[in-house]
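Encoded as structure tokens, the structure appears first; notes follow it.
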Amino acid sequence: MQTSNRLDATSISATTSILELNPDAYSAWNFRRRVLVAMWNKLPAEDIQAMAQLDLKFIEKLVRGHPKSYWLWLHRRWVLENMPCPDWSRELKLIHLMLDMDPRNFHGWDYRRIILAKAGRSDEKTELDYSMSKINQNFSNYSAWHYRSKLIPRVNWEKEGERESAVQKDFEIVRNAIYTEPADQSAWLYQRWLLGQG
């Protein structure tokens, strides 16, 4: 495929066939990006936007069957960052639905963090509430616990003692999670992180 050095619609079609069979074929994603860049360098913005939309639809189709494929999320982010008018609000709705279907999808949580930053809606306190809602649905959601561990240090705590109070509340929740499901490692790992915050 790459040896022919064809950077056109034929190569897009070839990578589509490969990626439908194996969405983790990172060489195909890398080549597809090369092809898109070469094609987009010759097109006006409205045509780039249309092609990018088609690529996003293709990725949506694949992600339904392979929601934990790192390469799908990486390419989706690349398309959005390189298209003329990305719709970050739509992406946020999409990832919200994805995390409703699979709240333990680590790639989905990471993608959510990136999309919130791109959309300028990166409110850590709101995200703490969101992650806690997912933890309350399932104590075994290590991805949500991990997300919290990344949020707590970044929150702009307005009042003195507010951070310590939040950490204390998390200790209570972790204690309940451990009591409810002592063999589950998610809460234990988060508790270990909390102990380091003391």
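Read in order, the letters of the sequence shown correspond to residues 31 to 228 in this note's numbering.
Note that CB positions come from ideal geometry on N, CA and C, so glycine has one too.
The model shown is predicted, which means the values in this text are computed figures rather than measured ones.
- Query: So, do the region 115-123 and the region 154-163 have three or more beta carbon pairs nearer to each other than 8 Å?
  - Reply: No, the region 115-123 does not touch the region 154-163.
- So what does DSSP say about S119, is it helix, strand or coil? Indexing the sequence shown from 1 puts residue 119 at position 89. The answer is helix: DSSP assigns S119 an H, G or I state.
- Measuring alpha carbon to alpha carbon, tell me which of L127, R120, R62, Q215 ends up nearest L102. As a position in the sequence shown, residue 102 is number 72, starting the count at 1. When the alpha-carbon of L102 is set against those of L127, R120, R62, Q215, the nearest one is in R62.
- State buried or exposed for T33, treating a residue as buried only when at least 16 other CB atoms are found within 10 Å of its CB. As a working mapping, residue 33 is identified with position 3 in the sequence shown. Confidence at T33 is low in this model, with a pLDDT of 49, below 50, so the placement of that residue should be treated as unreliable; the coordinate-derived value is given next. Counting C-beta atoms within 10 angstroms of its own C-beta, T33 has fewer than 16 neighbours from the protein chains shown and is therefore classed as exposed.
- Straight-line Cα distance separating F169 from D214: As a first step, residue 214 is located in the sequence shown; it is residue number 184 there, counting from the start. As a first step, residue 169 is located in the sequence shown; it is residue number 139 there, counting from the start. Computed Cα separation, rounded: 9 Å.
- Residue nearest to T46 in terms of C-alpha spacing, selected from V67, W70, L84: In the sequence shown, counting from the first residue as 1, residue 46 sits at position 16. Across the set V67, W70, L84, the C-alpha of L84 shows the shortest separation from the C-alpha of T46.
- Alpha-carbon spacing of R184 relative to H96, whole angstroms: Residue 184 sits at position 154 when you count from the first residue of the sequence shown. Residue 96 sits at position 66 when you count from the first residue of the sequence shown. Taking the Cα positions, R184 is about 31 Å away from H96.
- Buried or exposed by the 16-neighbour rule on C-beta atoms within 10 Å, applied to L49: As a working note, residue 49 is residue 19 in the sequence shown. So L49 counts as buried.
- Task: Name the residue from A174, G150, R151, S152 whose alpha carbon lies nearest to the alpha carbon of S161.
- Result: Numbered from its first residue, the sequence shown carries residue 161 at position 131. For S161, the closest C-alpha among the options A174, G150, R151, S152 is that of A174.
- Beta carbon of A82 nearer than 9 Å to that of N60: As a first step, residue 82 must be located in the sequence shown, where it is residue number 52. As a first step, residue 60 must be located in the sequence shown, where it is residue number 30. No, the pair does not count as a contact, with Cβ atoms beyond the cut-off.
- Query: Considering only residues of the same chain and omitting the five flanking positions on each side of H137, which have a CB-CB separation below 7 Å?
  - Reply: If you number the sequence shown from 1, residue 137 lands on position 107. Within the same chain, H137 has close Cβ partners K98, Y100, W103.
- Straight-line gap, L124 to A68 (C-alpha atoms, nearest Å): Residue mapping note: residue 124 aligns to position 94 of the sequence shown, counting from 1. Residue mapping note: residue 68 aligns to position 38 of the sequence shown, counting from 1. Approximately 28 Å, taken between the alpha carbons.
- Message: Assuming S57 is part of the alpha helix (DSSP H), what are its boundary residues?
- Response: Residue numbering aside, residue 57 sits at position 27 when the sequence shown is read from its first letter. If you look at S57, you'll find it in the alpha helix (DSSP H) that goes 56-70.
- Task: Identify every run of the alpha helix (DSSP H) within the region 87-119, keeping only runs that are complete inside it and at least 4 residues long; order them along the chain.
- Result: Within the region 87-119, the alpha helix (DSSP H) runs of at least 4 residues that lie entirely inside it are, in chain order, 100-112.
- Proximal residues to K164 (C-beta, below 6 Å), its chain only, five neighbours per side dropped: Counted from its first residue, the sequence shown places residue 164 at position 134. Same-chain partners within the cutoff: P133, N171, A174.
- Mind checking whether Q208 and W223 have CB atoms under 9 Å apart? Sequence index remark: in the sequence shown, residue 208 carries index 178 (1-based). Sequence index remark: in the sequence shown, residue 223 carries index 193 (1-based). Residue identity differs from the one stated: residue 208 is Ile in this sequence, not Gln. The Cβ atoms of I208 and W223 do not sit closer than 9 Å to each other.
- Quick one: residues in its chain with C-beta nearer than 8 Å to the C-beta of L181, no 5 flanking neighbours on either side, listed in chain order? In the sequence shown, counting from the first residue as 1, residue 181 sits at position 151. Excluding sequence positions up to five before and after L181, its CB lies within less than 8 Å of the CB of E154, E157, L158, S161, all in the same chain and listed in chain order.
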